[in-house]
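To keep things clear, I will list the structure first and then write my remarks on it.
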Amino acid sequence: MTNDSSGDVRLSGISKTYGAFTAVHPLDLTVPQGSFFALLGASGCGKTTTLRMIAGLEEPSSGTVFLGDQEVTNLPPYKRPVNTVFQSYALFPHLDIFENVAFGLRRRGIKSVKKQVEDMLELVQLGEQARKKPHQLSGGQQQRVAVARALINHPKVLLLDEPLGALDLKLRRQMQLELKRIQTEVGITFIHVTHDQEEAMTMADTVAVMNAGRVEQLGSPADLYENPNTTFVANFLGTSNLIEAAVDSKSGDDIVLQAGGGKLVLPQARCSAPTATGGKVLVGIRPEKISLTHADDAGEIPEGRNRITGKIADSSFIGVSTQYVIDSAVCPEFEVYSQNIDRDARLTPGADVVLHWSPAHTFGLDAAQDIDAGVETVEPEEGVAA
Amino acid sequence: MAAVTEAPPLAPQPAEKPPRKRGRLVPYWLLLPGILWLIVFFALPMIYQASTSVQTGSLEQGFKVTWHFQTYWDALADYWPQFLRSVLYAGAATILCLVLGYPLAYLIAFRAGRWRNLIMILVIAPFFTSFLIRTLAWKTILADGGPVVGALNSLHVLDVTNWLGFTSGDRVLATPLAVVCGLTYNFLPFMILPLYTSLERIDGRLHEAAGDLYAAPFTTFRKVTFPLSMPGVVSGTLLTFIPASGDYVNADLLGSTDTRMVGNVIQTQFLRILDYPTAAALSFILMAAILIMVTLYIRKSGTEDLV
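So the protein lines, in turn, are chains A and B.
Start counting the first sequence at 820; every next residue gets the next number (the numbering used here).
Start counting the second sequence at 33; every next residue gets the next number (the numbering used here).
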């Protein structure tokens, strides 16, 4: 990665409104040169609109777009040094693969395109297909043509609009690694729009989680996962168990909380909410961080761990782990993922158990938000205005 | 797993069923009305006309098949100027239709928004009036000394068209220009509808993709939109050119004896002179000429797989 900042994308206060509907609220965002950046959110959250404003396909209602030091807000798409991989690929059906890939070069008046196009087709492993028409290729191949067609222009930024949405799961996994490889190889800034949190986390260096036209949180995948700032991020990225608790006291760097008659400890540094004594806080814990012990063995649990008692409501064995749903006083559907190392045969539905985890894995959120925000319901189809 | 191995042996398979006869015949039954239609209204009249074209005789003594192919050469020798005129007028009208129809079809397909249906209705609306009345209306529009001719005159357009031989003197009526205008007007919807259909099918994202790949709007049109609309261009030009080259109403009502097209000749031969063999031979020559031109045209435009 270079220190060159000509591939930085800087959005300053850009917003987009359609009549009374605000698709994107004023947004400031900087994507540094050479990074793989993901805009993650459910359909209709404004992520595609943001991308289209960078591409020039949508005019911002306010704000400015910079590429490096150049302001491009009012430049039409064909004058911007960015290229897009479209959701449906948008390959030209009347041109063969070679001509599709050569399109951008020819438009800029470059005469000898043969070598470049062949090299690019080699990069995406489609050398053999050069003279076929797009409809003769499989979905995965078409997707690679779309990437090649954009990359051959050496854009300062490559924009990817749900590029893997139309592929089946297995191919999608393969293409994720492929795109990541290509990005590392060419070192161009990638901005990737997706609704698939796993895809965003696998591929991107930095993820911006968007919700209702705003960026909820921005950070590395691990950071977002471990330290969500809002209930939306906590629920949208993976699964979180959220418990309503009241601040009881503070001891050193920890906050002691009261929840359902028990005490929970939360490191001050991991709480993004105000913590006045008596105030409410949502305590979060990821399902895989929790250990499950049968109530009869409760005495063996080491001191200093956060504990909650409950009853197993349901369990499902999924190979690498077993997923339990625990019914407890503080949270009706507590989820616990337990690795299948030493399975305790007593842990079956109906058993009384103690859930315990290290306080260091606990995070705290502002209780004044919707506790269910971002909980994944049935996967919605990606809408037009997304 | 045990249950599977202990399952009772399968009942012996019944001998291979003969394919159901009834189902196999259904496609032919479905084809039947169409085939009958073609036989009665296409094949039989064609055979009848073909036989007429090689007959000799007169109305009083009756016509007999004498395999007199000379009729074809005579017809061509006598009426080649009318043939030429038909091709020229129809060709000019087709080009005018394309030039006028393409922007309109483009507008309806991509820019009209909620006005789309209204404009479509306006395009089709003339069909609610008879072809004849619409053509007669042009007689009034282009009438000598009328406002249109006056305007063309004062703008010196007529000087140009006179020089080109499309008009003569202060008149538009009874000149080639009037006939071409009539043909253009009457066949314009046949150009617009297929153009619209093929333009409307183009994925708007292809325009965005072209723009994203450094194509300015006009280049996008030239390199993406127009090539993709070729099926519409080809079918539109065929739907305009073929009927226009056989048309005789426009030349009859808007033209003069100097603008007679082959359609007028065929009409006269059939209905006034009652020389059926010559009329039939002319019809076949026209059909063959059109078939050859259309085949060459489709080959040239390379749209066999698109039409």
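Even for Gly, the Cβ is constructed at its ideal location relative to N, Cα and C.
Should T251 of chain B be flagged as near chain C, meaning a C-beta pair shorter than 9 Å?
-> Among the protein chains in the structure shown, which are A and B, there is no chain C.
Three-way DSSP call (helix, strand, coil) for M33 of chain B in this model | No answer about M33 of chain B holds up, because its pLDDT of 41 lies below 50 and its placement is not dependable.
Should the segment 1000 to 1017 of chain A be regarded as contacting the segment 847 to 859 of chain A, the criterion being three or more beta carbon pairs within less than 8 Å?
-> yes
Relative to the C-alpha of L164 of chain B, which residue among B:Y280, B:A320 and B:A313 is closest?
-> Closest in alpha carbon position to L164 of chain B, among B:Y280, B:A320 and B:A313, is B:Y280.
Where E1035 of chain A sits in the DSSP three-state scheme | strand
Beta-carbon neighbours of Y897 of chain A, restricted to chain B and to distances below 7 Å = Y897 of chain A reaches chain B at G243, Y246, A247 and A248, counting residues in chain order whose Cβ is nearer than 7 Å.
What does H973 of chain A touch in chain B if you count any residue whose Cβ is under 8 Å from its own?
-> Residues of chain B passing the Cβ test: none, with the nearest at roughly 12 Å.
Could you give the C-beta distance for G278 of chain B and L318 of chain B, rounded to a whole number, given that I count them as a contact under 8 Å?
-> Right, the Cβ-Cβ distance comes to about 6 Å (below 8 Å), so this counts as a contact.
For Q961 of chain A, which residues of its own chain have a beta-carbon under 8 Å away from its beta-carbon, when the five flanking residues on both sides are left out?
-> Y908, L910 and P953
Do Q301 of chain B and T310 of chain B have their CB atoms nearer than 9 Å?
-> For Q301 of chain B and T310 of chain B, yes; Cβs fall inside 9 Å.
For G295 of chain B, which option in B:S83, B:V58, B:N282 and B:A125 has the closest C-alpha, if you only look at C-alpha atoms?
-> B:N282
Quick one: which residues of the segment 219 to 237 of chain B get their C-beta closer than 7 Å to a C-beta of chain A? List them in chain order.
-> D235 and R237
Roughly how many angstroms lie between the CA atoms of A1164 of chain A and A1170 of chain A, to the nearest whole one?
-> 10 Å
Helix, strand or coil: how does DSSP classify Q906 of chain A here?
-> coil
In this structure, does DSSP put H1014 of chain A in helix, strand or coil?
-> coil
Taking Cβ-Cβ distances shorter than 9 Å, what residues in chain B pair up with H913 of chain A?
-> Ordered by position in chain B, the residues that pass the 9 Å Cβ test against H913 of chain A are V256, P259, L260, M262 and L338.
From E1201 of chain A to N1030 of chain A, what does the alpha carbon distance come to, in whole angstroms?
-> Summary for E1201 of chain A: the model assigns pLDDT 43, below 50, so the residue's position carries little reliability; its value from the coordinates is reported in the next sentence. Looking at the two C-alpha atoms, the distance is approximately 14 Å.
Around the C-beta of F1136 of chain A, are 16 or more other C-beta atoms found within 10 angstroms, so that it is buried, or is it exposed?
-> exposed
Near D1185 of chain A, what residues of its chain come up, given a Cβ to Cβ distance below 6 Å and the 5 sequence neighbours on each side ignored?
-> A1092
State the beta-bridge partners of P1086 of chain A as determined by DSSP.
-> A:D1073
Just the Cα atoms here: how many angstroms apart are L130 of chain B and S880 of chain A?
-> 39 Å
On the three-state DSSP scale, how would you describe Q948 of chain A?
-> Q948 of chain A: helix per DSSP, three-state reduction.
Going straight from the alpha carbon of G863 of chain A to that of E878 of chain A, what length do you get?
-> 18 Å
Under 9 Å, do R899 of chain A and G882 of chain A count as touching if we go by C-beta distance?
-> no
So what's P974 of chain A in DSSP terms, helix, strand or just coil?
-> coil
Residues, ordered as in the chain, of the segment 931 to 949 of chain A that lie near chain B by beta-carbon distance below 7 Å = none
Mind checking T98 of chain B: buried by the 16 CB within 10 Å criterion, or exposed?
-> exposed
Kindly indicate the opening and closing residues of the alpha helix (DSSP H) around A109 of chain B.
-> Q102 to Y138
Interface positions of the segment 961 to 991 of chain A facing chain B (Cβ-Cβ less than 9 Å), listed along the chain = Only A965, R968, A969, N972 and L978 from the segment 961 to 991 of chain A bring a Cβ to less than 9 Å from some Cβ of chain B.
Applying the criterion that 16 or more other CB atoms from any shown protein chain within 10 Å of the CB defines a buried residue, is P1106 of chain A buried or exposed?
-> buried
Pick out the complete alpha helix (DSSP H) segments inside the segment 214 to 247 of chain B, 4 residues or longer, and give them in chain order.
-> Taking only runs of at least 4 residues, the alpha helix (DSSP H) segments lying wholly in the segment 214 to 247 of chain B are 236 to 244.
Quick one: what does DSSP say F911 of chain A is sitting in, helix, strand or coil?
-> coil
Simplified DSSP assignment, three categories, for W195 of chain B | In the structure shown, W195 of chain B sits in a helix (DSSP, three-state: H, G or I).
Which residue from B:T88, B:I324 and B:L64 puts its Cα closest to that of Y104 of chain B?
-> B:T88
Stretch pair the segment 1171 to 1191 of chain A + the segment 1117 to 1130 of chain A: three plus CB contacts closer than 8 Å = yes
Per DSSP, H1113 of chain A forms a beta bridge with which residues?
-> A:V1172
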